[in-house]
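Numbering (my numbering) for the sequence shown: 14 to 146. C-beta: ideal position from N, C-alpha, C; glycine also.
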Amino acid sequence: MAKLNMTPTEIELMQKSANMLQGRGPEVATKMYDNFFSKHPEMKFYFSTCFLGKKADEDGKTQTTLMAKVMAHILFQFCIHIDDLDKFKEDCERVSAKHVSRGIKPEFYPFLGEALILALKEVIGSEASDEVL
Numbered sequence: 014m015a016k017l018n019m020t021p022t023e024i025e026l027m028q029k030s031a032n033m034l035q036g037r038g039p040e041v042a043t044k045m046y047d048n049f050f051s052k053h054p055e056m057k058f059y060f061s062t063c064f065l066g067k068k069a070d071e072d073g074k075t076q077t078t079l080m081a082k083v084m085a086h087i088l089f090q091f092c093i094h095i096d097d098l099d100k101f102k103e104d105c106e107r108v109s110a111k112h113v114s115r116g117i118k119p120e121f122y123p124f125l126g127e128a129l130i131l132a133l134k135e136v137i138g139s140e141a142s143d144e145v146l
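Laid out in structure tokens, this is it:
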């Protein structure tokens, strides 16, 4: 797998940012998809409805979707393995295969990136500094 062109300081910052996601990853991912689909509702076509489905638990609290759980896992794994992406290879291959099979195009990713940055700011708050983002 290719290596990213990052300085040791940038790598360390990415790994430390995993701490921000710890325990809040599903909330960040849920907010990211809410932001993404709010701005780009036409993109829902590319996702399985069961993957997107939100359900309420016994207390009426909305449960985290499977898609948000998967995304939270992927984000966390990416952050902690940024210096050795081979450890992240299986996750990338699985997600890539799914995206190809659903017709998701590379030009869609910047929209998701914008939604992720906004979600990090909304959920993480001041910890999501410009340096981290």
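Shown here for residue 126: not one same chain residue has a beta carbon closer than 8 Å to its own, the five before and five after excluded. By the criterion of a C-beta distance shorter than 8 Å, residue 60 is surrounded in its chain by 80 and 115, once the five residues flanking it on both sides are discounted. Fewer than three Cβ pairs drawn from the stretch 28 to 42 and the stretch 102 to 113 lie within less than 8 Å of each other, which leaves the two stretches out of contact. Within the stretch 23 to 111, the alpha helix (DSSP H) runs of at least 4 residues that lie entirely inside it are, in chain order, 38 to 52, 62 to 65 and 79 to 93.
For residue 125, the uninterrupted alpha helix (DSSP H) run begins and ends at 122 to 137, by DSSP.
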